[in-house]
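Numbering (UniProt numbering), first residue to last: 1 to 251.
We treat Cβ as the ideally placed atom computed from N, Cα and C, and that holds for glycine.
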Ligand code: COA
C-alpha cells in the first residue's frame, strides 16, 4: 500500500479516514483494510476522538474489495485484514459517520449498515452484487439489511445485485440525508463534529443500548457469512466472474 491509500486526519474530535485510490474507484486492498482496522481500534480508546468519519477521495466512495487482491490472497479465517476491519466497525463504541458519493459497491455498501449516520450525495449508487459474482453477503449484511429495510427490499438488493440510488437508500433506511454532491463533505464534517461534541459517556451508552439486543446474533451471522464467503471465493464461478472483470479491463 502506498502510505497515502488511506488518508488520516484529525480535527476537533473527529478522525476522518479517506479511501484514496481514485484511479481504482477506491477499491480496498488488504493493506488498506489493515490500516483502517488499526485506526478505528485506536480511535475507540483515544479520548481525543469523539467520532469517526469515513469517505472516498475523488468521485466514488469505494468499489469494494480489490478484485486482484482477492484472487491473489483470498481472505480466510478470522486473521484476515478484512475481518479485522469488519470486527473493528462492529465493535466501535463511538459514532461512525459515512460520507458517500458515486459508487459504493459490495463492502462499500455493507459497511454503511454498521454506521450511525450516512450522508449520500445525489450521485451515490449502492450495490451488493455478491450473488452475481457467485458470492454470499458479508459484514453481517444478510442480518442487518432486513432489519433496516425489511425482507423484500433486502431480497431485491441482494438477489438482483443492481445499483440503487441515494433516494432509494434513504427510503430503505440506510441513508440519513441526501444532499448535492458538492455539499457532502461539508455536511458530513458538520454532523460528525456535532456528534463528537456530545457528552461522551451518554453517547457510548446510547450506542451500546441501540445495538445490544442484536449484537450476539450479528456476530453469529458474520461468522457464518465469512465461512460461506471464503468457500465461495474458491469456487469456479466466482473466480471466473472476477477473471472476466479483469479481462474486460485488459489485465
Ligand atoms: N478491484 C480492482 N480494481 C477495480 C475495482 C475493484 N473492485 N473496481 C474498479 N477497479 C479498477 C478497474 O479495473 C479500472 O482500472 P484500469 O483503469 O486500470 O482499467 C478502474 O478501477 C476504473 O474502473 P472502471 O471499471 O473502468 O470504471 P466504471 O465506471 O466503468 O465501473 C464499477 C465502475 C465500480 C461499476 C466497476 O469498476 C466494477 O464493477 N468494479 C468491480 C466491483 C466489484 O466487483 N467489487 C467486488 C465486490 S465483492
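- Return the bridge partner residues of residue 10 from the DSSP annotation. For residue 10, which the question treats as bridged, DSSP gives the partners 15.
- State the beta-bridge partners of residue 103 as determined by DSSP. According to DSSP, residue pairing for residue 103 in a beta bridge involves 125.
- Own chain, CB closer than 7 Å to residue 85, minus 5 neighbours either side, in chain order: 33, 36 and 37, listed in sequence order.
- For residue 225, count neighbouring Cβ atoms within 10 angstroms of its own Cβ and tell me buried if that reaches 16, exposed if not. In the assembly as shown, residue 225 is a buried residue. Its beta-carbon has 16 or more other beta-carbons within 10 Å.
- Range covered by the alpha helix (DSSP H) that runs through residue 82: Residues 81–91.
- Message: With a threshold of 8 Å (Cβ to nearest heavy atom), would residue 121 be considered close to the ligand COA?
- Response: Every heavy atom of the ligand COA is 8 Å or more from the Cβ of residue 121, so no.
- Query: Does the segment 101–120 come close enough to the segment 68–78 to have 3 or more Cβ pairs within less than 8 Å?
  - Reply: Taking a cut-off of 8 Å for Cβ pairs, the segment 101–120 and the segment 68–78 do not touch, as fewer than three such pairs fall below it.
- Task: Pull up the distance between the alpha-carbon of residue 217 and that of residue 141, whole angstroms please.
- Result: The alpha-carbon atoms of residue 217 and residue 141 are separated by roughly 12 Å.
- Proximal residues to residue 228 (C-beta, below 6 Å), its chain only, five neighbours per side dropped: Excluding sequence neighbours, residue 228 sits near 136.
- Does the segment 202–212 touch the segment 41–49, meaning 3 or more C-beta pairs lie closer than 8 Å? The segment 202–212 and the segment 41–49 do not touch, with fewer than three beta-carbon pairs separated by less than 8 Å.
- Beta carbon of residue 104, beta carbon of residue 90: below 9 Å? The Cβ atoms of residue 104 and residue 90 do not sit closer than 9 Å to each other.
- Item | Three-state secondary structure assigned by DSSP to residue 219 | Residue 219: helix per DSSP, three-state reduction.
- Query: Does the beta carbon of residue 60 fall short of 8 Å from some heavy atom of the ligand COA?
  - Reply: Residue 60: yes, Cβ under 8 Å from the ligand COA.
- Does DSSP classify residue 134 as helix, strand or coil? DSSP places residue 134 in coil when its eight states are reduced to three.
- Item | Three-state secondary structure (DSSP) of residue 56 | The answer is strand: DSSP assigns residue 56 an E or B state.
- Item | Identity of the residues DSSP links to residue 177 by a beta bridge | In DSSP, residue 177 forms a bridge with 119.
- Query: Ends of the alpha helix (DSSP H) at residue 65?
  - Reply: Counting along the chain, residue 65 falls outside any alpha helix (DSSP H), and DSSP gives it neither H nor E.
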